[in-house]
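First up is the structure itself, then whatever we jot down about it.
There are 2 protein chains.
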Amino acid sequence: MKYSKQRELILKTLQDNPIHPTADEIYQLLRCELPTISLGTVYRNLNQLSESGEVMKITGLDGSVHFDHNTYQHYHFICNKCNKVYDIPAELVPNIMTTVAEQTRMHISECELVLKGLCRDCQKLN
Amino acid sequence: MKYSKQRELILKTLQDNPIHPTADEIYQLLRCELPTISLGTVYRNLNQLSESGEVMKITGLDGSVHFDHNTYQHYHFICNKCNKVYDIPAELVPNIMTTVAEQTRMHISECELVLKGLCRDCQKLN
DNA sequence: AACAATAATAGTAATCATTACTACTTTTGA
DNA sequence: TCAAAAGTAGTAATGATTACTATTATTGTT
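Listed in order, the protein sequences are those of chains A and B.
Using the numbering used here, read the first sequence as starting at 28 and increasing by one per residue.
Using the numbering used here, read the second sequence as starting at 28 and increasing by one per residue.
Listed below in C-alpha cells is the structure:
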C-alpha cells in the first residue's frame, strides 16, 4: 500500500469523527478540506483500510455500511429514535464466540452484534 | 392484510426452502410456479410479513437482506467458504440482551448476531 | 536529480438491491 | 351485486457501491 494524502485524510476524518459515519458521510466531511476528492476514492480506501484492519466495517445497522475508527473488539447499539450508534465494549457482553464455537464445532473468526432499542437520551424524552 | 395468492406462495416458498433466501432468490424459485409474479411483489410481501412477525429479516450477512421462515429467537452463522447460512439457536448463546441492558441502561428490543467462519463441512475439505 | 514501475486518483459510467409509481385486478364485507 | 380497500404486474426511479479509464503521485533505483 503506497502512501496517499487522500487515505491519510480519510483515516484522520474517521478518527476525528467517532460517529460511525458511512462512506458518503466521510466524503461530505472531507469535501471542505479537499474539494476534489472523489466518492470512489473514499470507498476504495475505506475498504482497503478495513481489509488491513486499520478501521472496522459495521454492517447490519441500517441499509448502508458504516465505519468505525475503534478497532478493538466491540459491538454496537443503534437507537431506533435518534439513529445514533453507540459502542458496546466487548467486556459488557458474555463471551459469545468461544461458547458457540465449542457447542457447534464451527470455526468462528468474526462476530458482529447489533443491538437496537431506545438510548438513554431518547428514553428521557418520552 | 387481505389474502393474496402471491403472498401465500411467497410464505410457502420460504418455508419449503429453509436456506435463508434473499428476495430475489425467492422470486427465482417462484417463477416456475407463477411466472407472472413480479419482484416488487416479492419485496413488498416479504417486508409486510416481517413487519407482522410471520418471517424474520436477516441483515448483516452480506450486502443483501435474507429472510428466514424460523421466527423463534435465534442467530446466524455464515460460512466464509460456502456462504451457507446456519441457524444458531438462542439457547447456545449466553444471554446478551438483558446483560447489556442492565449494564448500559439502554432499552434493548432487538438483537442481531452474525457469526462468520468455517462451517464443519468446509473444515473437512482442507 | 531523473526514471520507470506501480499504485492511487478523479470523474464518470455501470451494477445491484430495493423502493416508488401507476393503471389494472382481487378480495372482502355489506 | 357492488363499491371500497388492498394487492398486483410492470416499469421507472433511487441509493449505495463498484468498475473503468486516462491521468497523476509515490517509491525505490540508477
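Just so you know, even glycine gets a beta-carbon here, dropped at the ideal spot from N, CA and C.
- Asp51/B and Arg58/B have their alpha carbons spaced roughly 11 Å apart.
- Cβ neighbours of Cys109/A within its own chain (closer than 8 Å, five residues either side excluded): Cys146, Asp148 and Cys149.
- Ranking Lys143/B, Arg132/B, Leu140/B and Leu88/B by CA distance to the CA of Lys151/A puts Arg132/B first.
- Annotation: Pro116/B to Gln33/A spans about 44 Å, alpha carbon to alpha carbon.
- When only Cα atoms are considered, Asn122/B and Val120/A end up about 9 Å apart.
- For the C-beta of Phe104/B, the chain A residues within less than 9 Å are, from N- to C-terminus, Val127, Thr131, Met133 and Ile135.
- Here the alpha carbons of Ile37/A and Ile135/B stand approximately 32 Å from one another.
- Between the beta-carbon of Thr98/B and that of Val82/B there is about 7 Å, and that keeps the pair under the 8 Å contact cut.
- Per DSSP, the continuous beta strand (DSSP E) segment holding Cys138/B begins and ends at His134 to Leu145.
- Of the other Cβ atoms in all chains shown, fewer than 16 fall within 10 Å of the Cβ of Leu61/B; this residue is therefore exposed.
- In its chain, beyond the 5 residues on either side, Ile53, Leu56 and Leu57 have a beta carbon closer than 7 Å to the beta carbon of Thr40/B.
- For Val127/B, the enclosing alpha helix (DSSP H) covers residues Met124 to Thr131.
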